[in-house]
Amino acid sequence: MADAAIGAEEKTGGITRREFLYYIWGASIALLAAQSAGLLIWFLLPKFREGEFGGNFILPLESIPGVNAPPNNFADGRFWLVNLDSNQPNELFQTAPEDPPEMVGVAAIYKVCTHLGCIYSWVSANNRFECPCHGSKYRLDGRRIEAPAPRALDRFAMTFLDADKNPIPGSESPLVDDFYQPVPVPDGAAFISVNTGARKMGPSQTLLCDFAGNCP
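According to the numbering used here, the sequence shown is numbered sequentially starting from 94.
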């Protein structure tokens, strides 16, 4: 009789108690697996404290250099802060063909040469960044002056904060052709936040020495 009852239940399209338990068991296993995967990913993802490379560096507005002045070095964050204005060119920042129509504002430039990863420095005597390893040279904004670097210096994302360290809307680094552009200092800014976990590779442009006709 029991077999007949089970057979009749199967014919009517219902599920048996055993099938129902199988479904519940399978759903529980799937949920457990999803939770375990989520925890694993959470533990594996890098976590950085404020002021630690890979995280955010919050700096007072006084950390920004003058317009087209030598850059300020932040060794812990592995970046330089520059304050650019292509409308006021000087011996540190001369505009050239293929430059954007206007470059005005602050940018955070990664301190690693795009050739083979050496740490370059600002050479005041020559008004430019120079890599001691293979001789790559860069303008104040990070554009290549001389090879062998294959592209401009990379930049980090940044935004301005008010006195309470709240982000000021519209003050984030704009992305143009997948590269962070300078950000003008907005009204009410008290701090600048540089996100060293968000970096964009510099573009490949014609060497500036090619325009000057003095490439080595």
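Cβ atoms here follow ideal geometry from the backbone N, Cα and C, with glycine treated the same way.
DSSP state of residue i mapped onto helix, strand, coil
| i | result |
| --- | --- |
| Ile212 | strand |
| Phe272 | coil |
| Phe113 | helix |
| Ile329 | The requested residue 329 is not part of the displayed model; the chain covers only 94 to 309. |
| Glu155 | helix |
| Leu124 | helix |
DSSP bridge partner residues for residue i (one or two, in chain order)
| i | result |
| --- | --- |
| Met251 | Val287 |
| Leu174 | Asn165 and Ala201 |
| Arg237 | Tyr231 |
| Asn149 | Asn288 |
| Phe222 | Trp215 and Tyr231 |
Opening and closing residue of the beta strand (DSSP E) in which residue i lies
| i | result |
| --- | --- |
| Leu301 | That residue, Leu301, is in no beta strand (DSSP E); its alpha helix (DSSP H) goes Leu301 to Ala305. |
Proximity to residue i [Cα-Cα], best of the options
| i | options | result |
| --- | --- | --- |
| Cys224 | Leu233, Arg236, Ala218 and His208 | His208 |
| Asp178 | Cys206, Asp247 and Thr188 | Thr188 |
| Val160 | Phe167, Glu145, Gln181 and Phe172 | Gln181 |
| Asp247 | Asn219, Arg232 and Phe253 | Arg232 |
| Val255 | Ile151, Tyr116 and Gly119 | Val is not the amino acid found at residue 255; the sequence shown has Asp there. Nearest C-alpha to Asp255: Ile151. |
| Pro73 | Ala242, Lys258 and Trp173 | Outside the shown range of the chain, which is 94 to 309, sits residue 73, and nothing can be said about it. |
| Val287 | Pro194, Val175 and Ser121 | Val175 |
| Pro262 | Ser121, Ala282 and Leu114 | Ala282 |
Under 9 Å between C-beta atoms of residue i and residue j
| i | j | result |
| --- | --- | --- |
| Phe304 | Pro153 | no |
| Ser266 | Pro279 | no |
| Ser156 | Asn165 | yes |
| Cys308 | Ala201 | no |
| Arg236 | Leu301 | yes |
| Arg71 | Val205 | Residue 71 lies beyond the residue range present for the chain, which begins at 94 and ends at 309; the question has no answer from this structure. |
| Tyr203 | Phe167 | no |
| Pro163 | Val269 | no |
| Ile285 | Val199 | yes |
heavy atom of the ligand SAH below 8 Å from residue i C-beta
| i | result |
| --- | --- |
| Arg232 | What this structure holds is no ligand at all, so the ligand SAH is not there to describe. |
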